[in-house]
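The block underneath contains the structure these notes are about, expressed in structure tokens.
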Amino acid sequence: MQSQYFVYILTNQYRTTLYIGFTNNIQNRLAQHYFDSQNAKKSFAGKYNCIYLVYYETFEFPKLGIAREKELKKWRREKKNNLISSFNPKWETLNNEIF
């Protein structure tokens, strides 16, 4: 069985803050982000209520996914916005796609 790895971007309700992450279990990770936001955790995603999935990529190998995550984190906001818009033009919440 092949593992699948994900680079993902979350945002808040108003689409003003972005969080970029990497995981091998996106369903569990989204649930953790939601739990953190409900319990006022001091994590970045929890603090800014970044619980809305707007972008993701899948990878077969973790090294490639980690490299992509690092690449995206270095980008300016405008470039990240363009990436999200090319994948998800209306910035719709994709959480239900994952579950």
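Position 64 of the sequence shown, counted from 1, bears residue number 201 in our numbering, the numbering being contiguous throughout.
Glycine included, C-beta positions come from ideal geometry on N, C-alpha and C.
Tell me, which residues are paired with residue i by DSSP?
i: T160; result: F143
i: Y193; result: Y145
i: L155; result: T148
I need the boundaries of the alpha helix (DSSP H) containing residue i, first residue and last residue.
i: E208; result: 199-211
i: K215; result: Just to set this straight, residue 215 is Glu in the shown sequence, not Lys. That run of the alpha helix (DSSP H) goes 214-224.
i: K247; result: The displayed coordinates of the chain run from 138 to 236. Any statement about residue 247 would go beyond what the structure contains.
i: E234; result: 232-235
Mapping the DSSP letters down to three states, classify residue i as helix, strand or coil.
i: N165; result: helix
Within 8 Å of any Cβ in chain B, is that where the Cβ of residue i sits?
i: L220; result: Reference to chain B is not applicable here, since this structure consists of a single protein chain.
Does the count of Cβ pairs from the region 142-159 and the region 177-191 closer than 8 Å reach three? yes
Take every Cβ of the region 162-180, pair it with every Cβ of the region 196-215, and state whether three or more of those distances are shorter than 8 Å. no
Given 8 Å, three or more beta-carbon pairs between the region 161-172 and the region 215-230: no
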